[in-house]
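Q:
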Amino acid sequence: MNRRIAWITGASSGIGYSTAKKLAKQGFDLYLGARRVDRLDSLVKDIKNSCDVRALSHELDVTDKDSVQKFGDFGFAKQLQPDVLVNNAGLVKGIDPVVNGQEQDWDIILNTNVMGVLRMAKLVLPYMIEKKNGQIVFIGSIAGHQAYAGGSAYCASKFGVKAITRSLKQEVLGTNIRVNSIDPGMVETEFSLVRLGSQEKADNVYKGMTPLTADDVADCVEFVVNRPRHVNIDDIVIMPTDQANAFMVHRSEP
Ligand SMILES: NC(=O)c1ccc[n+]([C@@H]2O[C@H](COP(=O)([O-])OP(=O)(O)OC[C@H]3O[C@@H](n4cnc5c(N)ncnc54)[C@H](OP(=O)(O)O)[C@@H]3O)[C@@H](O)[C@H]2O)c1
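Residue 9 in the numbering used here is what sits at position 11 of the sequence shown, and the numbering runs on without skipping anything.
1) Could you tell me which residues DSSP pairs with Trp5 in its beta bridges?
2) Rounded to the nearest angstrom, how far is the Cβ of Gly12 from that of Ala212, given a contact under 8 Å?
3) If you reduce the DSSP assignment to three classes, tell me which class Ala53 lands in.
4) Find the nearest neighbour of Ala141 within the set Val115, Tyr204, Lys156 and Leu83, judged by alpha-carbon distance.
5) In this structure, how does DSSP classify Ser150 when only helix, strand and coil are distinguished?
6) DSSP three-state call for Gln100: helix, strand or coil?
7) With a CB to CB cut of under 6 Å and the five nearest residues on each side skipped, what residues in its chain are close to Met113?
8) Touch check for the stretch 57 to 72 and the stretch 130 to 147: three-plus C-beta pairs under 8 Å?
9) Return the residue from the list Tyr152, Tyr125 and Asp71 that minimises the CA-CA distance to Glu101.
10) Given Pro255, which residues of its chain have a CB within under 7 Å of its CB, disregarding the five upstream and five downstream residues?
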């Protein structure tokens, strides 16, 4: 039985949710965070009913440093010391070009996707460094490789995530800590609903093409955490077959 402990941020939906289920099946004990605690509660219940692992959750808002601290305090108090952090919580709001950009959208995007992943990494690193073992899996994006119109703040945030993974890999060299970046193209989750604010608009994003599923990305997380300890997968770029890059998507006629 795998007795490693994984902390997963943004486990109430999408990639984080699927990753929790997959790692539970692999025998990981789990500590799950997000703002929607009702969803976390039902996920924990579901995992406990189907897998012989420990699973706990706690409210987490990665934009709030006190919330991050409370999340950490609770996890350590419950003896759920992290072997793995899946630094996944993230979002985007809107598709406005810079000229019409909303200051409050930029704040939310950058505070969640950049400050949030930094806060979470800082929370677990002292423990991992002392133990000389650990792994942080960042969920980046193709938007961290190619910037597209209407995505300035989001692309900036994911280029930022890429920079953080590069810096961190150098900073922890010699500690046995592994640092991974998994960078998907289009994945059908609640991501587009959060971005566009309506289910109809979100459905249109995937019209005529086959996007990735959250499970496809969770498979990559499962892969990187199950490599031997001397193997660090630096980056995985995972795209739908129907998507060539951040700009080109093949759609079949209706
Ligand atoms: N879907 C895509 O096409 C795509 C492509 C490339 C990369 N990604 C990245 O994949 C990651 C997961 O997104 P997803 O596609 O799974 O979208 P999703 O279904 O909307 O899930 C996002 C998760 O992040 C959590 N979250 C958002 N803000 C948070 C905050 N302030 N504090 C704590 N948790 C927060 C949400 O939980 P609560 O709302 O309950 O807090 C939710 O669990 C993100 O980093 C995203 O940028 C997605």
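Built from N, CA and C at the ideal position, the CB exists for glycine as well.
A: Looking at the coordinates:
1) Residue numbering aside, residue 5 sits at position 7 when the sequence shown is read from its first letter. Its beta-bridge partners are Tyr29 and Leu83.
2) For this step, residue 12 is matched to residue 14 along the sequence shown. For this step, residue 212 is matched to residue 214 along the sequence shown. The pair is a contact, with the Cβ atoms about 5 Å apart (cut-off 8 Å).
3) For the purposes of this step, residue 53 is taken as residue 55 along the sequence shown, with counting starting at 1. If DSSP states are grouped into helix, strand and coil, Ala53 belongs with the strands.
4) One-based indexing of the sequence shown puts residue 141 at position 143. Comparing Cα positions, the closest option is Lys156.
5) Against the sequence shown, residue 150 aligns to sequence position 152. Three-state result, Ser150: helix.
6) Residue numbering aside, residue 100 sits at position 102 when the sequence shown is read from its first letter. Residue state, collapsed to three classes: coil.
7) As a position in the sequence shown, residue 113 is number 115, starting the count at 1. Taken in chain order, the list of residues that qualify is empty.
8) no
9) For this step, residue 101 is matched to residue 103 along the sequence shown. For Glu101, the nearest C-alpha among the options comes from Tyr152.
10) In the structure as shown, the chain begins at -1 and stops at 252. Residue 255 is therefore absent and cannot be evaluated.
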